[in-house]
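*Asks:* Below is one structure. I have some questions about it.
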Amino acid sequence: MSLDCAEGFEPVSNLRIAIRMRRKTAQVVAMLRRKNGATLSEIMQSMGWQKHTVRGFMAGAMKKAGHAVESFKPVGGERTYRIN
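In terms of the numbering used here, the sequence shown has 25 at position 29, counting the first letter as 1, and numbering is strictly consecutive.
So this is what it looks like as structure tokens:
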């Protein structure tokens, strides 16, 4: 099964989309498992995402995958996420 696509572009299968998403999830999980976690800007830069995409990913995909993500913002610091 493939998604419709514009002329000249190769169709992308649902399996390829799922594999790509799993790989992105694995990259983010690795960042969040570091001792100090990962800041919002680190995730944005590493993944090429915007702020709302990172926040949505944390609230949706990470929760759905069963990860308990801790979010905190040190005084004068930047929003940081971490998996314990």
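Glycine included, C-beta positions come from ideal geometry on N, C-alpha and C. If you're wondering where the values come from, they're calculated on a predicted model, not measured in any experiment.
(1) Residue 76 and residue 33 look like a contact to me (Cβ under 8 Å); what is the Cβ gap, rounded to whole Å?
(2) In this structure, does DSSP put residue 64 in helix, strand or coil?
(3) Where does residue 39 land, buried or exposed, given buried means 16+ other C-beta within 10 angstroms?
(4) If you run the structure through DSSP and keep just helix, strand and coil, what is residue 73?
(5) Could you work out which residue in 42, 65, 70 is closest to residue 19 when comparing CA atoms only?
(6) Give me the Cβ distance between residue 21 and residue 57, rounded to the nearest whole Å; I'm assuming they're in contact under 8 Å.
(7) State the Cα-Cα distance for the pair residue 60 and residue 48, rounded to the nearest angstrom.
*Replies:* Once the coordinates are examined:
(1) The pair is a contact, with the Cβ atoms about 5 Å apart (cut-off 8 Å).
(2) coil
(3) Per the 10 Å Cβ criterion, buried.
(4) coil
(5) The option with the nearest alpha carbon to residue 19 is 42.
(6) 6 Å
(7) 18 Å
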